[in-house]
Amino acid sequence: MPTVAKTIGKVKGDVRRDQIMRATLKIIARKGVSSLTTAALAREVGMSEANLYRHFRNKDDIFMATITQVREMIQENLKKVLAGSTDPVLILKRFFALQVQLMEENGGITRLMFSEELHVHQHLREKILDTMYTVSEKLASLLKDGQKAGVIRKDIDTVTTVLMFMAMIQGLAFRWSLGGFSFSLGKEAAKTWKNFEKLITIKKTASRRIA
Numbered sequence: 008m009p010t011v012a013k014t015i016g017k018v019k020g021d022v023r024r025d026q027i028m029r030a031t032l033k034i035i036a037r038k039g040v041s042s043l044t045t046a047a048l049a050r051e052v053g054m055s056e057a058n059l060y061r062h063f064r065n066k067d068d069i070f071m072a073t074i075t076q077v078r079e080m081i082q083e084n085l086k087k088v089l090a091g092s093t094d095p096v097l098i099l100k101r102f103f104a105l106q107v108q109l110m111e112e113n114g115g116i117t118r119l120m121f122s123e124e125l126h127v128h129q130h131l132r133e134k135i136l137d138t139m140y141t142v143s144e145k146l147a148s149l150l151k152d153g154q155k156a157g158v159i160r161k162d163i164d165t166v167t168t169v170l171m172f173m174a175m176i177q178g179l180a181f182r183w184s185l186g187g188f189s190f191s192l193g194k195e196a197a198k199t200w201k202n203f204e205k206l207i208t209i210k211k212t213a214s215r216r217i218a
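Sequential numbering from 8 applies to the sequence shown in my numbering.
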């Protein structure tokens, strides 16, 4: 049985790891992936590089942990919206809003997702692809439910529509990042969603609002 001291030590270690991962995204948001060094991370978190290596083996390990954390955030967003409603269109709308909020609050996510670092490391790519496939399957299932319920057009392909949905988020985030985070991602996203909803829904559902 673990002692109280060991339990406290683990909690402190988990907190430190979380701080390091959040600092990783902050540095990437400000200066890009190429500027992420263990020295910069240590300064951001307020610890020595030696202490940094007590929590992570190397920079690649930090990237993997950060990608895993982002993945968990996305999964939590999906879990939250699924628990909050049975309306397929409203679930999609809320998930879209939460994903945009996640990007806006963590600008480093966008720059990490489009970075060479992610694309040249297979194990990092696989983490993201696995999440995308899982989310895509669930969203496609939601669209099919909406078609059966008569709230989503039956003449649209659900798989292609999910790709459009995800591309909206990625496209908005990419333009926002290229623009130096100079405009409100949330406001642009609201306009984009309004247009998307009109394209996929039968007219009577087009007036939904995020509760």
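Positions of the beta carbon are idealized from the N, C-alpha and C atoms, including for glycine.
From this set, the options, which residue's C-alpha is nearest residue i's C-alpha?
{"i": "Q82", "options": "L179, A49 and V142", "result": "V142"}
{"i": "A197", "options": "Q106, V52, M28 and R118", "result": "Q106"}
{"i": "N84", "options": "L99, D94, T93 and K201", "result": "L99"}
{"i": "F181", "options": "L32, I163 and M110", "result": "M110"}
Would you kindly work out how many angstroms separate the C-alpha atoms of residue i and residue j, rounded to a whole number?
{"i": "L192", "j": "R37", "result": "17 Å"}
{"i": "N203", "j": "K145", "result": "In the sequence as displayed, the identity of residue 203 is Phe instead of Asn. Cα to Cα, the separation comes out at about 18 Å."}
{"i": "T44", "j": "A30", "result": "11 Å"}
{"i": "A12", "j": "K151", "result": "Bear in mind that a pLDDT of 38 at A12, under 50, signals an unreliable position, so the number given afterwards is only what the model happens to contain. If you take the alpha carbons of A12 and K151, they lie about 51 Å apart."}
{"i": "I74", "j": "L131", "result": "7 Å"}
{"i": "L89", "j": "G153", "result": "14 Å"}
{"i": "A213", "j": "I116", "result": "Caution is warranted here: a pLDDT of 45 is assigned to A213, below 50, making its placement in the model unreliable, and no coordinate value can be reported."}
{"i": "E79", "j": "D137", "result": "12 Å"}
Let me check one thing: in DSSP terms, what residues is residue i bridge-paired to?
{"i": "I159", "result": "T208"}
Where do the N-terminal and C-terminal ends of the alpha helix (DSSP H) with residue i fall, by residue?
{"i": "G178", "result": "T165 to L185"}
{"i": "N58", "result": "E56 to H62"}
{"i": "G115", "result": "G114 to M120"}
{"i": "N84", "result": "K66 to G91"}
{"i": "V40", "result": "No alpha helix (DSSP H) holds V40; DSSP gives it neither H nor E."}
Report, in whole angstroms, the separation of the C-beta atoms of residue i and residue j, which I expect to be a contact under 8 Å.
{"i": "E207", "j": "I163", "result": "Correcting the residue identity first, residue 207 is Ile in this sequence and not Glu. Their Cβ separation, rounded to whole angstroms, is 6 Å, which keeps I207 and I163 in contact under 8 Å."}
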